[in-house]
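Enquirer: Pasting in a structure now, in structure tokens, and then I'll have a few things to ask.
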Amino acid sequence: MGRRNYIHKEIVTEDSIRAENIKWGISLDMVGENTEKTGGVFLIEKMPDPSAIWTRGNDKHTEWGGSKMSLDQMKPHYLNDFLIDKFKEQGKRANWKVSTNPFEGGSDHVPFLRNNIPSVLFWHFTDQFYHTDNDRIDKVSKATLKNVGITSLIAAYTLLNADENTAKSILTTLEKAAIIRLNEELKQSKIALNTGGSLKTQIEIITAWKNWYQRSFATTLDMVSNRKLIHKEIANSQKLIDSIATKVIEKIQIN
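Oh and the sequence shown: position 60 is 60 in my numbering, straight run, nothing missing.
The following block contains the structure:
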């Protein structure tokens, strides 16, 4: 366990006063690389979601690798898609490549997750200079540091000042992400079925994603003091995704 990881563990397990007010964890690990020199790409390692169980399509593990997880290890939360959306926006503005990888663990965001605090990892991989004596200042990119720094601050400021309108905006972001995900899983399930895959497994995957997003919608309640303010919007989002997932399952059943 690295020193940073140990410090994070101390914060969330041994400093109860400080830990009481921690709502999110964002680990800026390897965030300023000049990828033209180091290789790899800027990555957001997601909280545990179904892509860590069924890794297919555009979801790919890094060379770091990850062990297969189970449904009871999932961590549904808005933090994943909220941060991905913010960083993708900055990527478009700055012509900067941003990608994601399924949860792999083994780094500084894990102590937060183990204590039920939503957390993601920002990093680059694969990096040919990682943990070598050639990992020096000439491998750093001012542009990348600027992109990561600005977007991280915007995201943190948004969350720290969240209110009813923020919650509704993030619900919209989650809805869009859920629809894209279910349509992608429909595509992947058809491919799997056409190559001898199990229909039962495909239904399980679609259902897992539906449940993950429905539970993620509900986590936006932590942004408002009065839950009644967004209760209706959450229910509508959950109903929408339930309907879409049902149609996706119907489509793969007649594939």
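Ideal Cβ positions, reconstructed from N, Cα and C, are used throughout, including at glycine.
No experiment lies behind these values; they were computed from the predicted model shown.
From residue 234 to residue 175, what does the alpha carbon distance come to, in whole angstroms?
Expert: Approximately 10 Å, taken between the alpha carbons.
Enquirer: Measure the C-alpha to C-alpha separation of residue 100 and residue 81 and round it to an integer number of angstroms.
Expert: Cα to Cα, the separation comes out at about 11 Å.
Enquirer: Whose C-alpha, out of 193, 228 and 224, is nearest the C-alpha of residue 252?
Expert: Out of 193, 228 and 224, 193 has the C-alpha closest to the C-alpha of residue 252.
Enquirer: In terms of residue numbering, what span does the beta strand (DSSP E) encompassing residue 41 cover?
Expert: First-last of the beta strand (DSSP E) with residue 41: 41-45.
Enquirer: Which word fits residue 7, buried or exposed, when buried means at least 16 other C-beta atoms lie within 10 angstroms of its C-beta?
Expert: A caution first: residue 7 carries a pLDDT of 47, below 50, which makes its placement in the model too unreliable to give a value.
Enquirer: Check this for me: beta carbons of residue 120 and residue 153, under 7 Å apart or not?
Expert: In this structure, residue 153 does not lie closer than 7 Å to residue 120 by Cβ.
Enquirer: For residue 84, does the three-state DSSP call read helix, strand or coil?
Expert: Here residue 84 sits in helix by DSSP.
Enquirer: Please name the residue in 170, 67 and 93 whose C-alpha comes closest to that of residue 222.
Expert: That would be 170, whose Cα lies nearest to the Cα of residue 222.
Enquirer: When you measure from the CB of residue 97 to every non-hydrogen atom of the ligand GDP, does any distance come out below 6 Å?
Expert: Among the components of this structure there are no ligands whatsoever, and the ligand GDP is therefore not found.
Enquirer: Does residue 3 pass the burial test, meaning 16 or more other C-beta atoms within 10 Å, or should it be called exposed?
Expert: At residue 3 the pLDDT is 34, less than 50, meaning the model places this residue with poor confidence; the figure from the coordinates comes in the next sentence. Its Cβ having fewer than 16 others within 10 Å, residue 3 is exposed.
Enquirer: Which value, in whole angstroms, describes the spacing of the CA atoms of residue 243 and residue 249?
Expert: Straight-line Cα distance between these residues: approximately 10 Å.
Enquirer: Pick helix, strand or coil for residue 20, following the three-state DSSP scheme.
Expert: It is coil, neither helix nor strand.
Enquirer: Look at the alpha carbon of residue 37 and the alpha carbon of residue 88, and state the distance between them as a whole number of angstroms.
Expert: About 22 Å.
Enquirer: Mapping DSSP to helix, strand and coil, what is residue 117?
Expert: Coil, per DSSP.
Enquirer: Measuring CA to CA, which of 117, 64 and 109 is closest to residue 256?
Expert: Summary: the structure shown does not reach residue 256, with the chain confined to residues 1 through 255, and so no result is reported for it.
Enquirer: Checking 7 Å against the spacing of the C-beta atoms, do residue 104 and residue 54 come in under that value?
Expert: In this structure, residue 54 does not lie closer than 7 Å to residue 104 by Cβ.
Enquirer: Where does residue 112 sit, in a helix, a strand or coil, going by DSSP?
Expert: Residue state, collapsed to three classes: helix.
Enquirer: Mind reading off the beta-carbon distance from residue 31 to residue 122? Whole number of angstroms is fine, and I expect it under 8 Å.
Expert: Going by Cβ atoms, the distance from residue 31 to residue 122 rounds to 5 Å, so yes, they are a contact pair.
Enquirer: Is the CB-CB distance between residue 219 and residue 85 below 7 Å?
Expert: Their beta carbons are not under 7 Å apart, which means residue 219 does not touch residue 85 by this criterion.
Enquirer: Taking Cβ to Cβ, would you say residue 131 is nearer than 7 Å to residue 25?
Expert: No, these two residues do not count as a Cβ contact at 7 Å.
Enquirer: In the DSSP output, which residue or residues are listed as bridge partners for residue 33?
Expert: Residue 33 is bridged to 140.
Enquirer: How would you write the range of the alpha helix (DSSP H) that residue 199 sits in, first residue to last?
Expert: Taken as a continuous stretch (DSSP letters only), the alpha helix (DSSP H) holding residue 199 covers 199-218.
Enquirer: Could you check whether residue 237 and residue 217 sit closer than 7 Å to each other, using their CB atoms as the reference points?
Expert: Yes; because the gap between Cβ atoms is below 7 Å, this pair is in contact.
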